[in-house]
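1 is the number of the first residue of the sequence shown in the UniProt record's numbering; add one for each residue after it.
The C-beta atom is built at its ideal place from N, Cα and C for all residues, glycine as well.
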Amino acid sequence: MHIDYHTHHERCGHAVGKLEEYVQRGIALGLDQLGLSDHLPLIHVDPDHYYPEMAMPLAELPRYVEECLTLKERYRGTIELRVGLEADYIEGYEDQIRELLAPYPWDYLIGSVHFLGEWDITDHRQTHGWEGQDVMDVYRRYYDAVQKSALSGLYDIIGHMDVIKRFGYGPRTPEDLAEARALELDTLKIIARSGIAMELNASGLTKPCAEMFPAEHVLVQALELGIPLTVGSDAHDPMKLGDGLTEARDMLWRTGFRELAVFEGRRRTSVPFNV
């Protein structure tokens, strides 16, 4: 079983390619399942006065879903498409997120923490936000948000769980490293208790941190805790679909995983995979 559950397209503003180009590329790559999972529109900041090209405009959300459903039917029998969304978790906006998501027939929802307040810690234009910060305080705030996202009941998959490391900011002393490891483990235990899945996101291989989200030691703990895993390239270009997923499957296999979580109608099942 070959899948890619994390993709973005031109509607989000910082990716390229139409949805159908991703579908055609997925067929060319021999994917069994392809998840379409663009960004939830911004709801806690004014898009007209924030950084541009962050997420699809609110008016595009129903059009996005309609196009996904059309493609799902058009390519039925050729490739299995799944209609998803990467929906930011924003503390204090849980009801608004739930209301925005409710009308649509999702196959799965990825819950990702990009924002701490109005600071997107994953945006290369906003790395100045680290200036003057206590790095471990940012880590505490980040993992607190991931834990709350897992407990919110909004999502099926926790996205790029340790993306806080993306730009290389992290613990520098043995004491800070021990605290970071404890935060990761506490978060994994809450994810396990919540009963949802987690993704192995291969895009970190091309970022300053130069490792996947999450790191291999986190996967070892996730396996011990019984957390189901799925995989995604986080492609922002059809030609980058599937990038890093051979390495991702290799790492999962090495860690001891033998199944991948897949979704339809927000119902999770498991399928075997090989390297």
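Query raised in the report: Mapping DSSP to helix, strand and coil, what is Arg-141?
Result: Here the question's residue 141 lines up with position 141 in the sequence shown. In the structure shown, the three-state DSSP call for Arg-141 is helix.
**Report entry** Touch test, the segment 98-105 against the segment 116-133, Cβ-Cβ under 8 Å, three pairs minimum
**Finding:** Too few Cβ pairs lie closer than 8 Å, so no.
Requested in this report: Only counting runs of 3 or more residues, tell me where the beta strand (DSSP E) segments fall wholly within the segment 10-75, in order along the chain.
Outcome: Under the rule that a run must span 3 or more residues, the beta strand (DSSP E) segments found entirely inside the segment 10-75 read 33-36.
Report task. Could you name the residues of the same chain whose beta carbon sits closer than 8 Å to that of Leu-116, not counting the 5 residues immediately before and after it, in chain order? Result -> Here residue 116 refers to the residue found at position 116 of the sequence shown. Counting only Cβ-Cβ distances below 8 Å, and skipping sequence neighbours, we find Val-138, Arg-141, Tyr-142, Ala-145.
Query raised in the report: Just how far apart, CA to CA, sit Leu-185 and Arg-74?
Result: Counted from its first residue, the sequence shown places residue 185 at position 185. Counted from its first residue, the sequence shown places residue 74 at position 74. Per the coordinates, the alpha-carbon of Leu-185 lies some 43 Å from the alpha-carbon of Arg-74.
Report task. Specify the secondary structure class of Ala-235 as computed by DSSP and reduced to three states. Result -> Against the sequence shown, residue 235 aligns to sequence position 235. Strand, per DSSP.
Query raised in the report: From which residue to which residue does the beta strand (DSSP E) around Met-198 run?
Result: Translated into positions along the sequence shown, residue 198 becomes position 198. Run containing Met-198: 197-201, per the beta strand (DSSP E) assignment.
Report task. Would you list the one or two residues that DSSP bridges to Glu-80? Result -> As a working note, residue 80 is residue 80 in the sequence shown. Partner(s): Gln-33.
Requested in this report: Could you tell me which of Leu-109, Leu-71, Ala-28 sits nearest to His-6, measuring between CA atoms?
Outcome: Mapped onto the sequence shown, residue 6 falls at position 6. The closest CA to that of His-6, considering only Leu-109, Leu-71, Ala-28, is found on Leu-109.
Query raised in the report: What three-state label does DSSP hand Pro-208 in the structure shown?
Result: Mapped onto the sequence shown, residue 208 falls at position 208. Pro-208: coil per DSSP, three-state reduction.
Query raised in the report: Between the beta-carbon of Ser-201 and the beta-carbon of Gly-232, is there less than 8 Å?
Result: If you number the sequence shown from 1, residue 201 lands on position 201. If you number the sequence shown from 1, residue 232 lands on position 232. Here residue 201 is Asn; the residue named in the question, Ser, does not match the sequence. Here Asn-201 is near Gly-232, since their CB atoms are less than 8 Å apart.
Query raised in the report: What is the rounded straight-line gap between the Cα of His-39 and the Cα of Lys-148?
Result: Sequence index remark: in the sequence shown, residue 39 carries index 39 (1-based). Sequence index remark: in the sequence shown, residue 148 carries index 148 (1-based). Taking the straight line from one Cα to the other gives about 19 Å.
Query raised in the report: When the Cα atoms are used, what is the spatial distance from Lys-18 to His-9?
Result: Locating residue 18 in the sequence shown gives position 18, counting from the first residue. Locating residue 9 in the sequence shown gives position 9, counting from the first residue. Whole-angstrom Cα-Cα distance: 6 Å.
Report task. Could you tell me whether the Cβ of Leu-40 comes closer than 8 Å to any Cβ of chain D? Result -> In summary, chain D is missing from the structure at hand, where a single protein chain is found.
Query raised in the report: By a C-beta neighbour count over all protein chains shown, 10 Å radius and 16 as the cutoff for buried, is Gln-33 buried or exposed?
Result: In the sequence shown, residue 33 corresponds to position 33, counting from 1. Classification for Gln-33: buried.
Requested in this report: Tell me Ile-121's beta-bridge partners as DSSP assigns them.
Outcome: The sequence position of residue 121 within the sequence shown is 121, counting from 1. The secondary-structure analysis by DSSP pairs Ile-121 with nothing; it has no beta-bridge partner.
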